[in-house]
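Step one of this worksheet: look at the structure below.
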Amino acid sequence: EHALWRTIREALAPAHERHACAEYLEAARRLDLPRASIPQLREVSERVERISGFRLEPVAGLVAPRVFLESLAGGVFLCTQYIRHHSTPLYTPEPDVVHELLGHALTLASPRLAELNRLFGEAVLRAASSRELERLSRVYWFTIEFGVARECGEVKAYGTGLLSSAGEMEAMREAELRPLDLEEAARSEYDPTRFQPALFCAESFDEMHAALKSFLAR
572 EHALWRTIRE ALAPAHERHA CAEYLEAARR LDLPRASIPQ LREVSERVER ISGFRLEPVA
632 GLVAPRVFLE SLAGGVFLCT QYIRHHSTPL YTPEPDVVHE LLGHALTLAS PRLAELNRLF
692 GEAVLRAASS RELERLSRVY WFTIEFGVAR ECGEVKAYGT GLLSSAGEME AMREAELRPL
752 DLEEAARSEY DPTRFQPALF CAESFDEMHA ALKSFLAR
């Protein structure tokens, strides 16, 4: 497992240099996860909590969307612990420890991205219907998981599904880029088993942050 982690880290390093947004790169420097071995979840959680107030809690397998999203309101991120099969190191259709640590844990070391996660949780707590939950889940997918924004004239990733997969970051170069429209995102379906063919692109990280805060405060 540690060898697989090293293989993935080696593939992600140049992809992050090319495609990761500055907010993520700064958070990665702040958290400074080891490259040679999978870190202990408890240790990562303690460091993230000191930075943003979020803590990481292990779960066995997938949890229901409402349970997962509602936990964010209390500053809790529910983490799966298995690692993808060694035959597919660059992509997994389901969240694994690579996605949780190199995607979510690192972004939760950004106070601004951590704030958005907490606001998603609070919005889901207010969501009375399954339809509203689905709308919020879709917006979460197209922003926190697969969001991109322009930065110095280039498209950069801030979404954890992109940032934890060298394959996704390569594929995003060919994806259809749609202007960030959260109402459209709330109506848009997605397929988690394939590379994403369309992404919502903000004009800047700041624009995305402000738009999401406004959307989630409704």
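Mind the numbering: the sequence shown is residues 572 to 789 in our numbering, read in order.
Every residue gets a Cβ at the ideal spot worked out from N, C-alpha and C, and that includes glycine.
What residue range is occupied by the uninterrupted alpha helix (DSSP H) comprising residue i?
i: E754; result: 753–758
i: E597; result: 593–602
Please report the straight-line C-alpha distance between residue i and residue j, rounded to a whole angstrom.
i: A586; j: P636; result: 29 Å
i: S642; j: C772; result: 27 Å
i: M779; j: Q611; result: 32 Å
i: I654; j: P750; result: 34 Å
i: A788; j: S708; result: 15 Å
i: E628; j: E620; result: 11 Å
i: H675; j: Y761; result: 20 Å
i: A607; j: V669; result: 13 Å
i: D777; j: L596; result: 16 Å
i: E703; j: V647; result: 21 Å
i: R626; j: E617; result: 7 Å
i: G645; j: R706; result: 21 Å
i: T764; j: E739; result: 12 Å
i: V638; j: G692; result: 9 Å
i: L677; j: V615; result: 9 Å
i: L649; j: R744; result: 30 Å
i: S658; j: L604; result: 24 Å
i: E572; j: E774; result: 39 Å
i: E588; j: S735; result: 13 Å
i: L696; j: V710; result: 15 Å
i: E741; j: W576; result: 19 Å
i: A574; j: R613; result: 21 Å
i: L640; j: G724; result: 33 Å
Residue j and residue i - do their beta-carbons sit closer together than 9 Å?
i: A685; j: S623; result: yes
i: L748; j: F786; result: no
i: E722; j: A593; result: yes
i: L673; j: I579; result: yes
i: R719; j: L687; result: Per the sequence shown, the amino acid found at residue 719 is Val instead of Arg. Not a contact, by the Cβ cut-off of 9 Å.
i: L633; j: L783; result: no
i: A737; j: P768; result: no
i: L602; j: A699; result: no
i: Y729; j: A582; result: no
DSSP three-state label for residue i, please.
i: A769; result: strand
i: A685; result: helix
i: A698; result: coil
i: E665; result: coil
i: R580; result: helix
i: A788; result: coil
i: E572; result: coil
i: E588; result: helix
i: A728; result: strand
i: E617; result: helix
i: A720; result: strand
i: G632; result: coil
i: Y653; result: coil
i: Y711; result: helix
Starting from residue i, trace the beta strand (DSSP E) in both directions and tell me its first and last residue.
i: F648; result: 647–650
i: L627; result: 626–629
i: E741; result: Note, E741: premise wrong, no beta strand (DSSP E); alpha helix (DSSP H) at 737–742.
i: R749; result: 747–750
Answer yes if the region 707–720 comes into contact with the region 756–763, meaning at least three C-beta pairs across the two stretches below 8 Å, and no otherwise. The region 756–763, when compared against the region 707–720, does touch it at the 8 Å Cβ threshold.
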